[in-house]
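The sequence shown begins at 1 in full-length UniProt numbering and counts up by one.
Input: a single structure, listed below in structure tokens.
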Amino acid sequence: GERGAAAFHGWNRNDESFDIAPTLLHPGTTGTVRLKSSSPSEPPAVDPRYLDHPDDMKTYLAGVRLALSIAKTPIMRPHTDGLPRVLRGVCEGSPCGCPPSDPEAKDFDERWECVVRAAASTVYHPAGTAKMGRSG
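Printed below as a string of structure tokens:
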């Protein structure tokens, strides 16, 4: 989300960094695009329904676990404390608080799901392949 992007750009300005970003390449969720009116100048109503499919969050959380395990490897440990820096900016003032970096924590899934729903954003340009317009 916007808060995550602002945090990323803030700490990345004068520092070298690396990025580990779980991404859903094949989400199970299907969004909708509908006309609001017959006016061609009125933008359509877009509802991406991000993370609505239950498998999407399970897959995302598996990606978070993998990213954290990579950040904690001996080769990466000198460059990180195990918690991605971008999250510090995202979770400050968030109703979720900062999530645990230990995947064995009892509230790991619940807290990370809260952060993901509050701070996740898309990458590139999601698009559909549904035919539009009249048949024939």
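Cβ atoms here follow ideal geometry from the backbone N, Cα and C, with glycine treated the same way.
Query: My guess is that V116 and Y60 are in contact by the Cβ rule of under 8 Å, so how many angstroms apart are they, rounded?; Result: 6 Å
Query: Can you check which of these residues, S41, A45, D47 and K58, is closest to L24 by C-alpha distance?; Result: K58
Query: Can you tell which of A45, A118, S101 and S37 has its C-alpha closest to the C-alpha of A62?; Result: S101
Query: Where does V33 sit, in a helix, a strand or coil, going by DSSP?; Result: strand
Query: Buried or exposed for A119, please, with buried defined as at least 16 other CB atoms from any protein chain shown within 10 angstroms of its CB.; Result: buried
Query: Report back the beta-carbon spacing between R49 and G28 to the nearest angstrom; my notes put them in contact at under 8 Å.; Result: Not quite, the Cβ-Cβ distance comes to about 10 Å (not below 8 Å), so this is no contact.
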